[in-house]
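Offset between the sequence shown (1-based) and the working numbering: plus 6. Beneath this line is the structure, given in structure tokens, with notes to follow.
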Amino acid sequence: MFAVIGAGPMGLATARNLKKYGIPFVGFELNADVGGLWDIDNPHSTMYESAHLISSRHMTEYAEFPMKEGAPYPHHSELRDYFRSYAKHFDLYENYRFNTRVVNIVKSGNKWLLTSDKNGVEATDTFDGVLIANGTLHKPNMPSLPGYFDGKLIHSADYCSADIFDGKRVLVVGCGNSACDIAVDAVHRAKSVDLSVRRGYYFLPKFVAGRPVDTLGGKTPLPRPLKQKVDAAMIRMVVGKPSDYGLPDPDYKMYESHPVINSLVLHHLGHGDISPRGGIQDIQGKRVIFSDDSSAEYDLILMATGYKLDYPFMERELLNWKDGDAPSMYLNCFHPNQPGLFMMGMIEATGLGWEGRNEQAEMVALYLKQRDAKAASALKLQSKIESFRGERMDGGYGYLQLERMAYYVHKETYRRAITQHIRELKSDLNASPELQASRV
Ligand SMILES: Cc1cc2nc3c(=O)[nH]c(=O)nc-3n(C[C@H](O)[C@H](O)[C@H](O)COP(=O)(O)OP(=O)(O)OC[C@H]3O[C@@H](n4cnc5c(N)ncnc54)[C@H](O)[C@@H]3O)c2cc1C
């Protein structure tokens, strides 16, 4: 019996694949329903009222469960409904214990003791393995600011509605996708909106030539250096350089960091609705002094400074997390020397979507089934896992040394490796023709 932690997009894909391959499991979810952070009522959700998908609908959906037709970038509430339909369609609700938080996991011999808490009552269950899908975007990264700020300071994790900006002088710190979404939200509510940005970013509009930007490009991917050049040139032609809007230009190549996908932030910078600022040098009361010695007063600082990986129910060393910003796992999910532990969804990539996560889940479920059957394909994968020495699936891209990039993968390289493993695991699978033929 296995345990799955979380019923977000990754936990659900994990549950679906375990079920598909007949592997018994119990799911644990601290929220009352499925959907993960796409359920804005989930206490762990970092969603905000205005949020829509950043990747487009059909590039993000699970291949075997397409979304209904609709606008290419649906609102978060539509995603919550989609995950509920997915869980109903594949009968996943019956496997989950809701309102149940996993609080501790320890090893006992070859087994795993998992303690969970439901309404203050703790219970401990024994499992053959644990599949951790508790999400990567819920523990705020809150860098300390120099000086003393005499106003309201919040992290984007606690941002829900633009009401908080009414009549305020707002400084948004950071320039990732959430920072840009939130700065845009503030434009029509705040007295002023400034964006503090320390490094350069690539900005992609959501649409090019009327099509979602992530649907562009031919079926055969260009070689990496050419793709970096061609895409950067195309984006420069469409939106110009960040410095045309007062922002720093990136001093790295395209795709070496996660790009910003937002059609409105440059528009508002170009209209003076959002003012670009440098890094923060000092804060004195309400006055913030920036790296170029300019300064301004603010009532509210919103830190859109990202998230840290967080597994509060488990010792770091069990996670093969000695140093660095992320546990070190083969294909971001297989522990090299804990055969019962799987990190599900500890992964980030441009455009991986839920199908990329589903493939990861299928590979793990198949591996469990085939390992149980002592199939040659599973033994082969097992020896690969055991000989893992920290190699990354970066496709040759020189990713920036940022916390968030510690578990970043190159989508095509990653999916190629996974589909190859799936194919091999299926090659000696003793199963019904439908399972044999499904997908890869
Ligand atoms: C504003 C925003 C926009 C985004 N847009 C996109 C996009 O366009 N495309 C894209 O691919 N990704 C996007 N993402 C990334 C997002 O992380 C993924 O879409 C997806 O939600 C990841 O799924 P997950 O299941 O790994 O994590 P989550 O959705 O975070 O789900 C984790 C689940 O685990 C539960 N849980 C956590 N700890 C415990 C515990 N101890 N016990 C029991 N249950 C627990 C949580 O309650 C939650 O339900 C976006 C994220 C944000 C915040």
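The beta carbon of each residue, even a glycine, is placed where N, CA and C say it ideally should be. It should be emphasised that the depicted structure is a prediction, and the values quoted were computed from it without experimental measurement.
Would DSSP call D288 helix, strand or coil?
-> For the purposes of this step, residue 288 is taken as residue 282 along the sequence shown, with counting starting at 1. Here DSSP, grouped into helix, strand and coil, assigns D288 to strand.
What residues are listed by DSSP as bridge partners for R175?
-> Taking the sequence shown and counting its residues from 1, one reaches residue 175 at position 169. The secondary-structure analysis by DSSP pairs R175 across a beta bridge with S198.
At least three beta-carbon pairs within less than 8 Å, the segment 90–108 to the segment 33–45 = Yes, since at least three Cβ pairs between the segment 90–108 and the segment 33–45 fall closer than 8 Å, the two stretches touch.
Sub-8 Å separation of V203 and V176 beta-carbons | For the purposes of this step, residue 203 is identified with residue 197 of the sequence shown, where counting begins at 1. For the purposes of this step, residue 176 is identified with residue 170 of the sequence shown, where counting begins at 1. Contact: no.
Beta carbon of T66: closer than 7 Å to some heavy atom of ligand 1?
-> The count along the sequence shown starts at 1 and reaches residue 66 at position 60. Shortest gap from the CB of T66 to any heavy atom of ligand 1: under 7 Å.
Would you kindly check if the distance between the Cβ of A371 and the Cβ of Y27 is under 8 Å?
-> Within the sequence shown, residue 27 is the residue found at index 21, counting from 1. Within the sequence shown, residue 371 is the residue found at index 365, counting from 1. In this structure, Y27 sits near A371, with a CB-CB distance shorter than 8 Å.
When you compare each of D434, L143, E365 and T66 to G182 by their alpha carbons, which one comes out closest?
-> The residue given as residue 182 occupies position 176 in the sequence shown. Restricting attention to D434, L143, E365 and T66, the CA atom closest to the CA of G182 is found in L143.
Option nearest F213 by Cα separation, candidates P149, K197 and I241 | Translated into the one-based positions of the sequence shown, residue 213 becomes position 207. Selected option, being the one with the closest Cα: I241.
Is it buried or exposed for K235, if we count other Cβ within 10 angstroms and need 16 for buried?
-> One-based indexing of the sequence shown puts residue 235 at position 229. Burial is judged here by how many other beta carbons sit within 10 angstroms of a residue's own beta carbon; K235 has fewer than 16 and is exposed.
Among T66, A238 and V294, nearest to E361 - alpha-carbon criterion | Within the sequence shown, the letter at position 355 stands for residue 361. Answer by Cα proximity: T66.
Three or more C-beta pairs closer than 8 Å, one from the segment 349–360 and one from the segment 122–139: is that the case here?
-> Yes, the segment 349–360 touches the segment 122–139.
Have a look at Y99 and F71 and give me their C-alpha separation to the nearest angstrom.
-> Locating residue 99 in the sequence shown gives position 93, counting from the first residue. Locating residue 71 in the sequence shown gives position 65, counting from the first residue. So the alpha carbons of these two residues sit roughly 17 Å apart.
Does the segment 376–385 come close enough to the segment 78–91 to have 3 or more Cβ pairs within less than 8 Å?
-> By the Cβ criterion, the segment 376–385 is not in contact with the segment 78–91, since fewer than three pairs of Cβ atoms, one from each stretch, lie closer than 8 Å.
What's the call for S393, buried or exposed, on a 16-neighbour Cβ count within 10 Å?
-> Taking the first residue of the sequence shown as position 1, residue 393 is located at position 387. Its Cβ having fewer than 16 others within 10 Å, S393 is exposed.
On a CA-only basis, which of L306, W118 and P146 is nearest F171? Give me that one, please.
-> Residue 171 sits at position 165 when you count from the first residue of the sequence shown. Ranking L306, W118 and P146 by Cα distance to F171 puts L306 first.
Which residue or residues does DSSP assign as beta-bridge partners of M309?
-> Here residue 309 is taken as the residue at index 303 of the sequence shown, counted from 1. For M309, which the question treats as bridged, DSSP gives the partners H161 and V179.
Please report the residue range of the beta strand (DSSP E) in which G33 lies.
-> Mapped onto the sequence shown, residue 33 falls at position 27. Note, G33: beta strand (DSSP E), F31 to F34.
Cβ-heavy atom distance between H144 and ligand 2 below 7 Å?
-> Within the structure as shown, ligand 2 is missing, the only ligands being ligand 1.
I think Y336 touches K390, with their Cβ atoms under 8 Å apart; what is that distance to the nearest whole Å?
-> On the sequence shown, residue 336 is found 330 positions in, with the first residue counted as 1. On the sequence shown, residue 390 is found 384 positions in, with the first residue counted as 1. Correct: roughly 7 Å between the Cβ atoms.
Endpoints, the alpha helix (DSSP H) within which P15 is located = Position 9 of the sequence shown, counting from 1, holds the residue named residue 15. Note, P15: alpha helix (DSSP H), P15 to K26.
Distance, Cα to Cα, S300 vs G252?
-> Looking up residue 300 in the sequence shown gives position 294. Looking up residue 252 in the sequence shown gives position 246. Roughly 14 Å separates the two Cα atoms.
Count the other C-beta atoms from every protein chain shown that fall within 10 angstroms of the C-beta of E75, then say buried if there are 16 or more, exposed otherwise.
-> Here residue 75 refers to the residue found at position 69 when the sequence shown is read from its first residue. Counting other Cβ atoms within 10 Å of its Cβ, E75 stays below 16 and is therefore classed as exposed.
Closer than 7 Å: A139 CB and nearest ligand 1 heavy atom | Translated into the one-based positions of the sequence shown, residue 139 becomes position 133. Residue side-chain check: A139 places its Cβ nearer than 7 Å to a non-hydrogen atom of ligand 1.
Where the beta strand (DSSP E) containing F340 begins and where it ends = For the purposes of this step, residue 340 is taken as the residue at position 334 of the sequence shown. Premise fails: F340 is in no beta strand (DSSP E) and is neither H nor E.
On the three-state DSSP scale, how would you describe H264?
-> The sequence position of residue 264 within the sequence shown is 258, counting from 1. In this structure, H264 counts as coil in the three-state DSSP scheme.
One or two residues paired with R293 in a DSSP bridge = For the purposes of this step, residue 293 is taken as residue 287 along the sequence shown, with counting starting at 1. Note: R293 sits in a beta bridge opposite Q290 and E303.
What are the start and end residues of the alpha helix (DSSP H) that includes L372?
-> Start at 1 with the first residue of the sequence shown, and residue 372 comes out as number 366. Looking at the DSSP string, the run of the alpha helix (DSSP H) that includes L372 is G359 to D378.
Kindly provide the ranges of any alpha helix (DSSP H) runs that are 4 or more residues long and lie completely inside the segment 26–103, ordered along the chain.
-> The qualifying runs are 63–66 and 82–95.
Less than 7 Å between the CB of G351 and some heavy atom of ligand 1, yes or no?
-> Numbered from its first residue, the sequence shown carries residue 351 at position 345. Correct: G351 has its Cβ closer than 7 Å to ligand 1.
Among Y405, K94, R217 and F340, which residue has its Cα nearest to the Cα of H427?
-> Counting from one through the sequence shown, the residue named residue 427 turns up at place 421. In this structure, F340 is the residue among Y405, K94, R217 and F340 with its C-alpha nearest to the C-alpha of H427.
What are the complete alpha helix (DSSP H) segments, minimum 4 residues, inside the segment 191–261?
-> Within the segment 191–261, the alpha helix (DSSP H) runs of at least 4 residues that lie entirely inside it are, in chain order, 230–245.
State the Cα-Cα distance for the pair E303 and Y154, rounded to the nearest angstrom.
-> Within the sequence shown, residue 303 is the residue found at index 297, counting from 1. Within the sequence shown, residue 154 is the residue found at index 148, counting from 1. The alpha-carbon atoms of E303 and Y154 are separated by roughly 13 Å.
Measure the Cβ-Cβ separation of N147 and Y313 and say whether it is below 8 Å.
-> Taking the sequence shown and counting its residues from 1, the one referred to as residue 147 is at position 141. Taking the sequence shown and counting its residues from 1, the one referred to as residue 313 is at position 307. A Cβ-Cβ contact shorter than 8 Å links N147 with Y313.
Three-state secondary structure assigned by DSSP to S167 = Taking the sequence shown and counting its residues from 1, one reaches residue 167 at position 161. Coil, per DSSP.
Comparing alpha-carbon positions, which option in L24, I11, V32 and P30 lies nearest G42?
-> Within the sequence shown, numbered from 1, the residue matching residue 42 stands at position 36. Cα-wise, what sits closest to G42 is I11.
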